[in-house]
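Read the structure below first, then the notes.
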Amino acid sequence: MSLDRAFTPIDGTAYVDKLVYHFGVSPSIFEGTVFIQPNKRYIYLVAKEALAWTVTDPMTVGLPFLRVGMQAPKPTTAAACWLVPHARQNVMEVTEAQALRFLRRQAFTSTDEQAASCTGGYVLVRQGPLPLGLGHYRIETGVVESYTPKHVARSMGGTP
2 MSLDRAFTPI DGTAYVDKLV YHFGVSPSIF EGTVFIQPNK RYIYLVAKEA
52 LAWTVTDPMT VGLPFLRVGM QAPKPTTAAA CWLVPHARQN VMEVTEAQAL
102 RFLRRQAFTS TDEQAASCTG GYVLVRQGPL PLGLGHYRIE TGVVESYTPK
152 HVARSMGGTP
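Next up, the structure:
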């Protein structure tokens with residue numbers, strides 16, 4: 002069975018528009034991709050050409066991209082890492098000490114310089130060219146809460 006019969010593409014225009022607006026990414030990064038929603042919780046990003054592949058009993062396909070069913074769709078850690086090099090706003094460069102706290106799922110306080118492109122809410126976190134994941138920036142306090150997956154935090158010595 003081809004993947005396009007197993008997973009029907011959905012209209013991702015509204016999701017792309019929100020990502021373009023919030024993170025300042027170019028819509029062109031989504032060219033050649035489609036969104037699928039194999040379950041009620043997640044939307045996946047898939048290369049269009051992959052839909053023509055013949056696969057027996059596919060369990061899933063593509064990059065887990067957005068968690069839906071929340072007030073605002075939340076990018077997955079994989080999506081955040083994919084978006085980091087393309088983002089022009091709501092992306093924060095962190096120090097080594099902040100990166101370690103972030104990867105341990107611990108909050109940290111950002112500087113005004115670090116938060117210059119941030120408007121509050123979801124923020125993509127990186128250290129140099131390395132994407133670290135998704136956080137939540139509280140504009141009132143400058144605090145960034147880490148959304149690092151718990152299993153990653155445990156492996157980094159954190160206590161989620």
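Everything in the sequence shown is counted per the numbering used here, starting at 2 for the first residue and increasing by one.
Beta carbons are placed, not taken as given, at the ideal position from N, Cα and C, and that holds for glycine.
Bear in mind that the values here come from a model prediction, so they are computed numbers and not experimental data.
Could you have a look at residue i and say whether DSSP puts it in helix, strand or coil?
| i | result |
| --- | --- |
| residue 35 | strand |
| residue 14 | helix |
| residue 155 | helix |
| residue 69 | coil |
| residue 21 | helix |
| residue 2 | At residue 2, the pLDDT of 46 sits below 50, so the modelled position is not reliable and the matter cannot be decided from this model. |
| residue 43 | strand |
Would you mind stating whether residue i and residue j have Cβ atoms separated by less than 9 Å?
| i | j | result |
| --- | --- | --- |
| residue 36 | residue 18 | no |
| residue 103 | residue 92 | no |
| residue 23 | residue 123 | yes |
| residue 47 | residue 34 | yes |
| residue 90 | residue 134 | no |
Does the beta carbon of residue i sit closer than 9 Å to a beta carbon anywhere in chain D?
| i | result |
| --- | --- |
| residue 155 | Of the protein chains in this structure there is only one, and it is not chain D. |
Given this structure, state the Cα-to-Cα distance separating residue i from residue j, to the nearest angstrom.
| i | j | result |
| --- | --- | --- |
| residue 78 | residue 141 | 24 Å |
| residue 100 | residue 127 | 8 Å |
| residue 115 | residue 109 | 12 Å |
| residue 53 | residue 27 | 26 Å |
| residue 146 | residue 21 | 22 Å |
| residue 117 | residue 151 | 28 Å |
| residue 120 | residue 136 | 13 Å |
| residue 84 | residue 131 | 11 Å |
| residue 2 | residue 32 | Residue placement at residue 2 is flagged as unreliable, the pLDDT there being 46, under the threshold of 50; the coordinate-derived value follows with that caveat. Rounded to whole angstroms, residue 2 to residue 32 spans 25 Å at the Cα level. |
Short of 8 Å in beta carbon distance, which residues of its chain neighbour residue i, apart from the five on each side in sequence? Order them along the chain.
| i | result |
| --- | --- |
| residue 43 | 65, 66, 67, 68, 69, 77 |
| residue 144 | 108, 109, 110, 111, 138 |
| residue 74 | 16, 19, 44, 67, 68 |
| residue 41 | 69, 70 |
| residue 113 | 143 |
Closer than 6 Å by C-beta to residue i: which residues in its own chain qualify, once you throw out the five before and the five after it? Chain order, please.
| i | result |
| --- | --- |
| residue 80 | 66 |
| residue 157 | 104, 105 |
| residue 82 | 132 |
Quick one: residues in its chain with C-beta nearer than 7 Å to the C-beta of residue i, no 5 flanking neighbours on either side, listed in chain order?
| i | result |
| --- | --- |
| residue 8 | 37, 39, 62 |
| residue 129 | none |
| residue 87 | 26, 27, 30 |
Practice task
Tell me the start and end of each unbroken alpha helix (DSSP H) in the region 71 to 147 that is at least 4 residues and wholly inside, in chain order.
Solution key: 78 to 84, 97 to 104
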